[in-house]
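All the letters of the sequence shown, read from the start, carry residue numbers 1 to 267 under the numbering used here. Positions of the beta carbon are idealized from the N, C-alpha and C atoms, including for glycine. These numbers come from a predicted model, not from an experiment. Heads up: the structure comes next, in C-alpha cells.
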Amino acid sequence: MAVKAMPSSSGIPVTGDRRVLPAPGFDSLIWTAALFRAADGCQHLDCQGGPFRVAFLSTGDDDRVVKATVYSSVTGAWSAPVCLDDGCEGYAQLKRDDIAKNLYHLPYVMPRRVAVIGDAVYFTLRSVDKILKYNLPNKCFSMISQPPHDLAPMALMLMEDSSLGFACINNSSLCLWSRKVDSEAAAEWVQCRVIELETIIPDVDLDWEPFVVGSAEGVGVIFISTDAGLFAVELKSGRGRKVDEPGQYFSVLPYISFYTPDHDTLL
Numbered sequence: 001m002a003v004k005a006m007p008s009s010s011g012i013p014v015t016g017d018r019r020v021l022p023a024p025g026f027d028s029l030i031w032t033a034a035l036f037r038a039a040d041g042c043q044h045l046d047c048q049g050g051p052f053r054v055a056f057l058s059t060g061d062d063d064r065v066v067k068a069t070v071y072s073s074v075t076g077a078w079s080a081p082v083c084l085d086d087g088c089e090g091y092a093q094l095k096r097d098d099i100a101k102n103l104y105h106l107p108y109v110m111p112r113r114v115a116v117i118g119d120a121v122y123f124t125l126r127s128v129d130k131i132l133k134y135n136l137p138n139k140c141f142s143m144i145s146q147p148p149h150d151l152a153p154m155a156l157m158l159m160e161d162s163s164l165g166f167a168c169i170n171n172s173s174l175c176l177w178s179r180k181v182d183s184e185a186a187a188e189w190v191q192c193r194v195i196e197l198e199t200i201i202p203d204v205d206l207d208w209e210p211f212v213v214g215s216a217e218g219v220g221v222i223f224i225s226t227d228a229g230l231f232a233v234e235l236k237s238g239r240g241r242k243v244d245e246p247g248q249y250f251s252v253l254p255y256i257s258f259y260t261p262d263h264d265t266l267l
C-alpha cells in the first residue's frame, strides 16, 4: 500500500500486492500512519485483500496543526480531518507550559511506528515524547500521562496482555514499561522489565547512546540501533543478535505474516 504524494509505501512482500491510496487532501510537514483491518474480530492470519482502514496522523505544513483522518477501503475516501486543539486539556496544558518556559511550541508528530489497540491509535510528539491517543469512533484526541522519568526517545508497542507499552534505553539498560488500567479506569505505568545491554550486546559503545527503533509484536523482539549495527533482542531468551550493519535507523517495521490453511485442525 502507498499514499500518493507521500514519501513512503508498503505492501505484502510475499505476494507482491500493493495498494496506492489518494492523498488525504491537506499538506503535511511530517506524518505517521497505521493500517488495520475493518472487520471486527480479525486475527490477522489470512486476511489479505479484505476491507481495511488507514489512520493518518500528521503535522500540517502550513498551519503546524496536528490532524487525524481515516481512509476506508470500503468507501475509497478519507474522513474529514480532526484537529488537535485546546479542547484536549493535556495538550492545552503542554502549550501553556511551553509558553511559560519561553519555548517555541511545535506539535511535531514523530514519524515512527504507532500502537493500535482496539479502535484507538497511540503516537508520540517530538522531543518530549508526549503520548497522544486518537479515538476513531469518537473522533477525538487525548493525552496519555507518562512515567515520572526522562525516558525519551521511546518506541510504543503492544504488550502481550494487549495493553499499551513502550521500550526505551535508560543509561545502559533496555527498559520495558506497560500501562495498567484498574477496574475503576485509573491508569498507571509499571516498569515490567529491565535488561542490561552489556550482557546481550557486549561490543556496543554505550557512550554512542543506542536507542530503540521498533519491535515485532507477537514474537517479543525489540530492535536497537547502535554504533555497532542494528540488533534484535529476544525478550523471552534475553539474547541479542546483529541483523544489519550500522546505519541511520529511525523506525524499523518488520514484516510478519505466517499462516497455515489447516491452522485450526493443527491445534
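Return helix, strand or coil for residue i, following the three-state DSSP convention.
i, result
"residue 217", "coil"
"residue 106", "coil"
"residue 84", "coil"
"residue 242", "strand"
"residue 95", "helix"
"residue 229", "strand"
"residue 197", "helix"
"residue 23", "coil"
"residue 89", "helix"
"residue 206", "helix"
Please identify the residue among the options whose C-alpha is closest to the C-alpha of residue i.
i, options, result
"residue 204", "116, 230, 186 and 84", "230"
"residue 202", "241, 19 and 179", "241"
"residue 228", "213, 215 and 206", "206"
"residue 113", "170, 65 and 158", "158"
"residue 74", "52, 224 and 218", "52"
"residue 140", "121, 147 and 243", "121"
"residue 25", "35, 63, 18 and 79", "79"
"residue 56", "22, 86 and 221", "22"
"residue 226", "198, 177 and 217", "198"
"residue 28", "65, 213 and 135", "65"
"residue 38", "213, 239, 161 and 136", "136"
What number of angstroms, rounded off, separates the C-alpha of residue i from the C-alpha of residue j?
i, j, result
"residue 143", "residue 88", "7 Å"
"residue 77", "residue 71", "6 Å"
"residue 246", "residue 187", "38 Å"
"residue 250", "residue 100", "31 Å"
"residue 81", "residue 31", "14 Å"
"residue 147", "residue 123", "16 Å"
"residue 274", "residue 175", "This structure gives no information on residue 274, because the portion of the chain shown stretches from 1 to 267."
"residue 181", "residue 166", "15 Å"
"residue 190", "residue 163", "11 Å"
"residue 45", "residue 97", "Note that residue 45 has pLDDT 43, beneath the 50 cutoff, so the model's placement of it is unreliable and no number is given."
Could you name the residues that DSSP lists as bridge partners for residue i?
i, result
"residue 141", "134"
"residue 163", "According to DSSP, residue 163 bridges with nothing at all."
"residue 57", "32 and 68"
"residue 122", "115 and 133"
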